[in-house]
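Let me begin by presenting the structure, written as structure tokens, before commenting on it.
In my numbering, the protein residues as written are 885 to 1057.
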């Protein structure tokens, strides 16, 4: 996966995986491939376990109380995943940066990708650009990639549901 300067692909992958955790190494591999990751080695149960650790850490970043806590948690992820950036053309798709060592297993690659991509997303777009849906009964995580930076809902469906609820509440008073 080529990281864009805003980290959008990585945070969208993180939200996708966190909201519906993969239950097998094969599912993890399929979903990562669908997101544009080039997998260089077989995906193992150990990769699935490491991916879940990365997603746990990422959810703590999303749920941080303020931007300083968010930065501290993300810095801890970055320290765990630290490697020297390097140029690569491993898939023949053009030169790009990898923030990981060569030939890392998928679990470690995801930890690095999610940490760096989230750091790029937050520093490029704003520290508030991660969240959970504003609908009380929906705990879905999202990465705000909207133009305005004011996303409150995980989907248009939840936004509509909440608008109808507010309308009915006003009409009944």
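Here a beta-carbon is modelled for each residue, glycine too, at the ideal position from N, C-alpha and C.
* Asked: Taking three-plus beta-carbon pairs below 8 angstroms as touching, is the stretch 962 to 974 in contact with the stretch 1025 to 1035?
  -> no
* Any contact of the stretch 1009 to 1018 with the stretch 920 to 940, i.e. 3+ C-beta pairs under 8 angstroms? -> no
* Asked: From which residue to which residue does the alpha helix (DSSP H) around residue 978 run?
  -> First-last for residue 978: undefined, no H or E at that position.
* To do: Return the Cβ separation of residue 1027 and residue 896 in integer angstroms, given the expectation that the two are a contact with Cβ distance under 8 angstroms.
  => 6 angstroms
* Test item: CB-CB of residue 1001 and residue 931 under 8 angstroms -> no
* Asked: Cβ of residue 1016 within 8 angstroms of Cβ of residue 1025?
  -> yes
* Ignore the nearest five residues each way along the sequence and tell me which others in residue 936's own chain have a CB closer than 6 angstroms to its CB. => none
* Going by C-alpha distance, which of 1018, 898 and 907 is nearest residue 1039? -> 1018
* To do: Check whether the Cβ atoms of residue 984 and residue 993 sit closer than 8 angstroms, and answer yes or no.
  => yes
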